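Enquirer: Just so you know, the protein sequences line up as chains F, S, B and Z, in that order. Going by our numbering, the residue at position 18 of the first sequence is 18; the numbering climbs one at a time, nothing skipped. Going by our numbering, the residue at position 277 of the second sequence is 613; the numbering climbs one at a time, nothing skipped. Going by our numbering, the residue at position 283 of the third sequence is 939; the numbering climbs one at a time, nothing skipped. Going by our numbering, the residue at position 150 of the fourth sequence is 1476; the numbering climbs one at a time, nothing skipped. Handing you this structure, nothing more for now.
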Amino acid sequence: MAYGYYPGCSLEHSAAAYDDSARAVARAMGIDLVELDDWNCCGATEYIALSRTGAYALIGRNLALAEAQLAGNGGGTKAVLAAPCSACFLNLSKAEHYVETHPDLAAEMNEALAAGGLHHTPGTVEVRHLVEVLVTDMGLEAIRSKVQRPLHALRVAPYYGCLLTRPQIPGHTMDEAEYPSFLDDLLRALGAEVVDFPLKTHCCGGHMTQVSADTSNTLLHRLLKSAAEYRADLIATVCPMCQLNLDAYQSQVNRAYGTSFDLPILYFTQLMGLAFGLDAAGLGLGKEIVSAEKALAKVGVERPAPPPAKPVVRRKGDKSLPMPRRRTHRGRARTS
Amino acid sequence: MSAKPKLAWYWAASCGGCDISTLAIDDKVLQVAEAFDIVFWPCVMDGKTSDVEAIDDGGIAVTLWNGAVRSSEHEHMARLLRRKSRALVAFGSCAHEGCIPGLANDTTRDAIFAAAYLDSPSTANPQRVLPRTETDVPEGRLALPAFYDTVKTLDQTVPVDAYLPGCPPEAERIWDALQALISGAAIPPGAVIGAETTVCDECKRTRSEKKIGAIKRTWQVIPNPETCLLEQGLLCAGIATRAGCGARCPGVNSPCIGCYGPNAGVEDFGARYLAGVASVLDADTPEDVDRIIKAGIPDPVGTFYRFSLPGSLLRRAARR
Amino acid sequence: MSETPKKGNGDGGPRVGVYVCHCGSNIAGTVDVAEVARWAGEALPGVVVSRDYRFMCSSLGQELIEEDIRQQKLDRVVVAACSPHLHEKTFRRACANAGLNPFLFQMANIREHVSWCSEEKGPATDKARATLAGAVRRVAHQRPLEPMAVEVNPATLVVGGGIAGIQAALELADAGLPVTLVEREPSIGGHMAQFDKTFPTLDCAACILTPRMSEVGQHENVTLLSYAEVEEVKGSIGDFTVKIRKKARFVKEDACTGCGVCIEKCPQSVVDDVYEAGLGYRKAIYRPFPQAVPKYPVIDVAACTYFKSGKCKACQIFCTPGAVDFEQKDETLQLHVGNIILATGYDLFDCSRIAQYGYGRLANVFTSLEFERLCNAAGPTTGKIVLRDGVTEPKRVAVVHCVGSRDTRHHEYCSAVCCMSALKFGHLMLEKTKAEVWSFYIDMRPLHKGYEEFYHRLLREGMHFVRGRVAEVTDAARLPGEEGKLIVQYEDTLLGGQRRLPVDMVILMGALEPRADAKANALKFGLSCSMDGWLTERHPKLDPVATMTDGVFIAGACQGPKDIPDSVAQGAAAAARVHGMISRGKVLIEPVVASVDEAACSGCRVCNTMCPFNAIEYLAAETVSRINPAMCKGCGTCVAACPAGAITGNHFDNTQVFAEIEGVLWDAAM
Amino acid sequence: MTDHAHDHDHPFEPKIVGFLCNWCSYRAADLAGTARIKYKPNIRVIRLMCSGRVDPAFVLKALARGADGVMVAGCHPGECHYLVQNYKTIRRFQLLKHTLAALGVEDARVRLQWASAAEGQLLADAINDMVEKVRALGPLEWPHRWREDNGLDRLDAEVTLEDARLGPPHPEERAREVRP
């Protein structure tokens, strides 16, 4: 299975660990990541608000390159391009969707691209986030089958961030925009104990860390506090920006709030790599600022899989009401 | 001159099979000679157009015309013989519906000429000479009939009194018709000599409810001789084809190809045939239907209009 | 083929009368009606009279037609006016009055399809010409048809024992007609039996429902088949044959006294997903609720220890009349009825599908149905409103409206009853607890008699109302006072701004949605479903309980979200419609059906799989296929399928359609 | 007036024949009217009880009679008033399209459109869309495609280019007879 690969700027430096682990895991899963040749910055989160033409030209250039280099790589007619960074993913897929639905915008973009002798035909590129590729295309079964050191005993808070599932652009395969669960499922497939992280899609502050420490501290504190309350050993992220903010500014948050959070922030690909039994160094582990060493000590500590839940035996005088059960199908359950 | 009623045969765009099939009535042909004064039969005896022109208008009792109308000569002869004949019978599938020569309507004259006179591997034609209606030579001017772009049926050219379908018509049917003529019975206008139901009626195979998951080409299967060929995935036109042949092809394990044309009252053979087949395809999405079609019906026109393209509602393909 | 006969001046060709309606200015405003009429008189074959008139549907307009039929000896009539769906019947009647077979009439729709959807007069007039030309060419080929009369079996089948079905059954039974009521669950009562109070009058649901239930149970004219499902429906109006599977109760109804000892003695208790909405427990052998009708319990095989392990049999041992019978098998009954009423109700939206509201994750998020059970005196908490722990009383409660309703990601429609239930909940809460109640609504829709007043009452009683959608319900405390609470994050669209409200309990007013098996069920009874899955009525306004399938009626929430009074009204309405048929004794069936010309049919059997109503049968002996006109619904699919051209569809045969094609293309390139 | 001469006084106006089913699409068209939704007047509607009644011959007849396009409209699959008949429509329509394509009829000229009784706007949009697509393709004028007048002269013209010794073309009526 071949995919175009758009690492994005952060993965070249601050998020090198993400790049290493993504490539390692892809290799293990039999995915052939073909890096897009001569790609450029996606414009990150702000540019689109500053200059429309500029932003679309910037993104459009990558789309045009993908169209030219990768057409048909997914077996279909389109060029399939996978991005590990949520911001890149959103910019690329959003732009592709908008130029497809707004001919005038497409014209504007192509006029700009023409200067560089490039052209992009809307609708020719399919943009996927790396986690989508792994969960939707590869499937949980395939992932489970690769696991050698289940992450039993490791309590993980799945953090999706705010850019990955919103807005839901046609073609996205994420299950839910507001309270998704596909990353939970992936982590569970690795054997990890996944906490029901209520702030899983709340904002990490993004570039606010550069603009207003107060704002970003507040947002980061919420996330860390909630994860800590749920006794998470670490937070798993899918986005270099989220990772950087939660990791690099954790001490700053601790100073500002007099707290003592010590939550390692790892990329889901690093956890996959560990579970697959890949060598830790090759996964960029150790590059994180809040060390994950303590938490990861739990990895591979063999522990029998949790026994199947026994039918609820109610103690005498137990007044508590049963929790709702997973529906077998929509609508109310049948008695027969 | 004998007082016997005059009978004429003509052979336009066709293969000659109709004339051969006529001879298949064997010695009965003598009775025909008995009953009629055969004034014109290009396939059998020499004769001149001028001889026909010499006959009074309406002087010929019956003209049996086989062949489609594909050139100005055919059209001319059709008009001439119509004028001379009291009854004009479209004899055989070509005259009736256009038949195999009519498949030319799936392409164009230019393409046909190119294939015949220029592009075919066995052709050497450096001056790229093509048939033309007139050519001046020292001896004078040579003329050829114009080759039409579209093949027409006989009744698209002149009014026709009766039809004898089939490629060729079965000798028995031919004899039925000739007998009727000999007995001097008046042919009901527009009469079609054949049954008023379809080939399945004469087919011995056992039939059940139809659900076709895949359409197969004849070379892909050895059909079960007992059961309906269509149910075995073979395109059998018997469901839509006028009976009268005795279901000969299905009888020898070969699907009906529809030479007897549509059943009574049906305007477009292909439409009925394809509607019947499509209705029983085992597919409910466009994609699934297409899958079956792509695998089993590479040439829909040749399949559904093999004998009836000129006689169909659309008559021909668009000029590409 | 379809050449139109020559001008009808006594030469035997048809004599067509054409009437072009102005419909006030509705048509005349955009179409030059006078010109169209003039043109038709001159250009169209067979037209001997051609008039334009202000309102053809008026009695004067109809008399005009009747007179011309008599005076001018018309044998065909074409009216160019509105959609045949509005006035075809009217004009057919007019023709019949004048002694002309109604099927020699044709309508040209130049209002909905021409004047109302066109802008310029020129093109509109051209389009009207073409439409009319089609009708005139066509009518020449139409043939007189006679409707077919069918006896109506006086027995009726009612499917679904909720309040709508109960009402329908009783109406008919009280009229002295035999009714069979089929209910899937062990007891009738439906959703209403789960409710505590009913809005806006607040009378107790059980108090008004259970008398009706026992009435059904005891009525001499009602055969009650509970714990049973309809498997197959054959036949057509007047004479349906229905196959019903009566599921094994493992309790002999004739022997059981309904004492309930078996239930007492049963050691196995499981969560009751149906009646208690998953909030309470029942035994493996159970009766959904004390007042259940019929009173006989059933054994839930999935839960029963004996069926799982072969041990126990407690219920059997303690049953003095020896009614428990582990060997009992499902039985299949066959039933002949003349009409069928479907009252199959609704499902509650699965609130866990809106994950950010936390249902299924956060213990104290409840659904509306759970809450009904919570405040029901017969419910798991004997009516005490408490949190999931079963003891703590909530101090502040949030009621979230439109969960799955008015939400394009789930159901675009409004569920109609939730606003009022929410108000009812508010009242019960304020009455039974000291809790503060907050309602989060998009629009408050109390839109029946006494409803608005109820809303005002709740305003007075101090229920808080916030206009705005809830973004999420979370347990992630952020501000002081949020610790250990559920926090409702919402936008107050009146104050404008994001707010957070810590509460102890959240009630999700889940949407009413079509039964999970609605589509399959519809297919079984020959009905269709709307886009969102509700059963489709024959006409949304003028025929709300009839369906496209004659003899099958719908009542209650299976047709769309409805409250109790509306469901009851529909139950009665459906019964009235059925009663009408029965008292008429015979029904006339439209003669627009297909038939096989057996001489032309070669028995190829292509048509055999074309009919979903099993109207086509193959006669092996004659090797031909035949169509049963009583079962044929006239769709014409087999007509289009017949490769031999042996099947004709009355009133829509090829000659007629070809003629209409030539007509609408009268001005096309030839 | 015929369609094979179009100038700015007589711009080409496509003629589309619409076969609408009685229960969904015809009612959708009624609704479009009732809601005063305006759409192009180029469609001429023929009402059938079900899209399953649409005999492929109807479509061919319309084209042969000079229609520039044909729309077949019915209830959405699974919502057929006759339960499942529109699945048969799909089967026939696909095979017909396949055949028409082989005969050189452009894809956009024949269209299968689902429209529920509630989708007046959708049907109106579909009609407008189809009219414009067919307008772009130009007139079909099928009847003229089997007329001899296009072809004969062209043949001689080509030959003239090849060989200057050619005389003027023969009108087909004067074509000489050839002895058999």
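All C-beta atoms in this analysis are idealised placements derived from N, C-alpha and C, irrespective of residue type, glycine included. Quick caveat: nothing in here was measured; it's all calculated off a predicted structure.
Only counting runs of 4 or more residues, tell me where the alpha helix (DSSP H) segments fall wholly within the stretch 1039-1127 of chain B, in order along the chain.
Expert: Whole alpha helix (DSSP H) segments, 4+ residues: 1074-1088 and 1107-1117.
Enquirer: Suppose only complete runs of 3+ residues qualify. What are the beta strand (DSSP E) ranges in the stretch 885-918 of chain B, listed by chain order?
Expert: Fully enclosed beta strand (DSSP E) runs of 3 or longer: 895-902.
Enquirer: Could you have a look at Cys1376/Z and say whether DSSP puts it in helix, strand or coil?
Expert: Note: Cys1376/Z maps to coil in three-state DSSP.
Enquirer: Measuring CB to CB, does Ala1256/B end up less than 8 Å from Ala1296/B?
Expert: The answer is no: Cβ separation not under 8 Å.
Enquirer: Give the list of continuous beta strand (DSSP E) stretches no shorter than 3 residues that lie fully inside the stretch 947-1000 of chain B.
Expert: Counting only runs of 3 or more, we get 987-993 and 995-998.
Enquirer: Can you tell me the Cβ-Cβ gap for Ala349/S and Pro437/S, rounded? I've got them flagged as a contact below 8 Å.
Expert: So it is a contact: roughly 4 Å between Cβ atoms.
Enquirer: Answer yes or no: does any C-beta atom of chain Z fall closer than 8 Å to that of Leu610/S?
Expert: Yes, contact with chain Z.
Enquirer: Just mark Arg231/F as buried or exposed, buried being the case when its beta carbon has 16 or more other beta carbons within 10 Å.
Expert: Classification of Arg231/F: exposed, given that the 10 Å Cβ count is below 16.
Enquirer: Would you call the stretch 1070-1078 of chain B and the stretch 1047-1054 of chain B in contact, with 3 or more CB pairs under 8 Å?
Expert: No, the stretch 1070-1078 of chain B does not touch the stretch 1047-1054 of chain B.
Enquirer: How is Val1280/B classed by DSSP in three states: helix, strand or coil?
Expert: Strand, per DSSP.
Enquirer: Could you give the DSSP three-state label for Cys435/S: helix, strand or coil?
Expert: Looking at Cys435/S - three-state DSSP - the assignment turns out to be helix.
Enquirer: Relative to the C-alpha of Thr1205/B, which candidate in Gly1378/Z, Glu1432/Z, Trp1349/Z and Ala1383/Z has its C-alpha closest?
Expert: When each option's Cα is compared against that of Thr1205/B, the closest is Trp1349/Z.
Enquirer: Give a yes or no on whether the minimum CB-CB distance between Gln728/B and chain F is below 8 Å.
Expert: Chain F contact via Cβ: absent.
Enquirer: Under 7 Å between beta-carbons, which chain Z residues line up against Trp1094/B? List them in chain order, please.
Expert: Residues of chain Z passing the Cβ test: none, with the nearest at roughly 36 Å.
Enquirer: Using only the alpha-carbon positions, how far apart do Ser1184/B and Gly1153/B sit?
Expert: Whole-angstrom Cα-Cα distance: 44 Å.
Enquirer: Check Lys1341/Z in the structure and name its three-state DSSP category.
Expert: If DSSP states are grouped into helix, strand and coil, Lys1341/Z belongs with coil.
Enquirer: Any beta carbon from chain S within less than 8 Å of Arg799/B's own beta carbon?
Expert: Judged by the 8 Å Cβ criterion, Arg799/B is not in contact with chain S.
Enquirer: Going by DSSP, what residue range makes up the alpha helix (DSSP H) through Phe1181/B?
Expert: It spans Ala1174 to Phe1181 - the alpha helix (DSSP H) in which Phe1181/B sits, taken as one unbroken run.
Enquirer: On the CB-based measure, 16 or more other CB atoms within 10 Å of its CB, does Val1159/B come out buried or exposed?
Expert: Burial call: buried.
Enquirer: Looking at Ala825/B: is its Cβ nearer than 8 Å to the Cβ of Val1224/B?
Expert: Not closer than 8 Å, so no.
Enquirer: Can you confirm whether the stretch 717-737 of chain B touches the stretch 623-632 of chain S when touching is taken to mean that 3 or more C-beta pairs between the two stretches lie within less than 8 Å?
Expert: No, the stretch 623-632 of chain S is not in contact with the stretch 717-737 of chain B.
Enquirer: List, in chain order, every chain B residue whose beta-carbon is nearer than 7 Å to that of His1407/Z.
Expert: The answer, in chain order, is Ser1184 and Met1204.
Enquirer: Residues in the same chain with beta-carbon distance under 6 Å from Pro1170/B, minus the five sequence neighbours each way, listed in chain order, please.
Expert: Excluding positions up to five away in sequence, the list reads Gly1189 and Trp1190.
Enquirer: Under three-state DSSP, which class holds Gly1290/B?
Expert: Gly1290/B: coil per DSSP, three-state reduction.
Enquirer: Between Ala2/F and His13/F, what straight-line distance do the alpha-carbon atoms span, to the nearest angstrom?
Expert: Distance between the alpha carbons of Ala2/F and His13/F is about 25 Å.
Enquirer: Near Leu1487/Z, which residues of its chain fall below 6 Å by C-beta distance, leaving aside the five closest residues on each side in sequence?
Expert: Note that Leu1487/Z scores 28 on pLDDT, short of 50, meaning its location in the model is unreliable; the coordinates nonetheless yield the value given after this. Around Leu1487/Z: no qualifying Cβ.
Enquirer: May I ask you to report which of helix, strand or coil DSSP gives Pro1285/B?
Expert: Pro1285/B falls in the coil class under three-state DSSP.
Enquirer: How big is the Cα-Cα spacing for Asn757/B and Val1249/B?
Expert: Spanning the two alpha carbons is a distance of roughly 17 Å.
Enquirer: What did DSSP end up calling Met848/B once you bin it into helix, strand or coil?
Expert: If DSSP states are grouped into helix, strand and coil, Met848/B belongs with the helices.
Enquirer: In terms of alpha-carbon separation, which member of Ala861/B, Thr1304/B, Val705/B and Glu802/B lies closest to Gln728/B?
Expert: When each option's Cα is compared against that of Gln728/B, the closest is Val705/B.
Enquirer: Between which two residues does the alpha helix (DSSP H) harbouring Arg793/B extend?
Expert: First-last of the alpha helix (DSSP H) with Arg793/B: Lys777 to Val795.
Enquirer: Quick check on the DSSP output: what are the complete alpha helix (DSSP H) runs of length 4 or more inside the stretch 1176-1239 of chain B, in order along the chain?
Expert: Counting whole runs of 4 or more residues, the stretch 1176-1239 of chain B contains no alpha helix (DSSP H) stretch at all.
Enquirer: Kindly indicate the opening and closing residues of the alpha helix (DSSP H) around Tyr98/F.
Expert: First-last of the alpha helix (DSSP H) with Tyr98/F: Ser86 to Thr101.
Enquirer: For Arg222/F and Arg1134/B, what's the separation of their Cα atoms in angstroms?
Expert: So the alpha carbons of these two residues sit roughly 7 Å apart.
Enquirer: Counting only C-beta atoms, is Ala527/S closer than 8 Å to chain B at any point?
Expert: Chain B contact via Cβ: absent.
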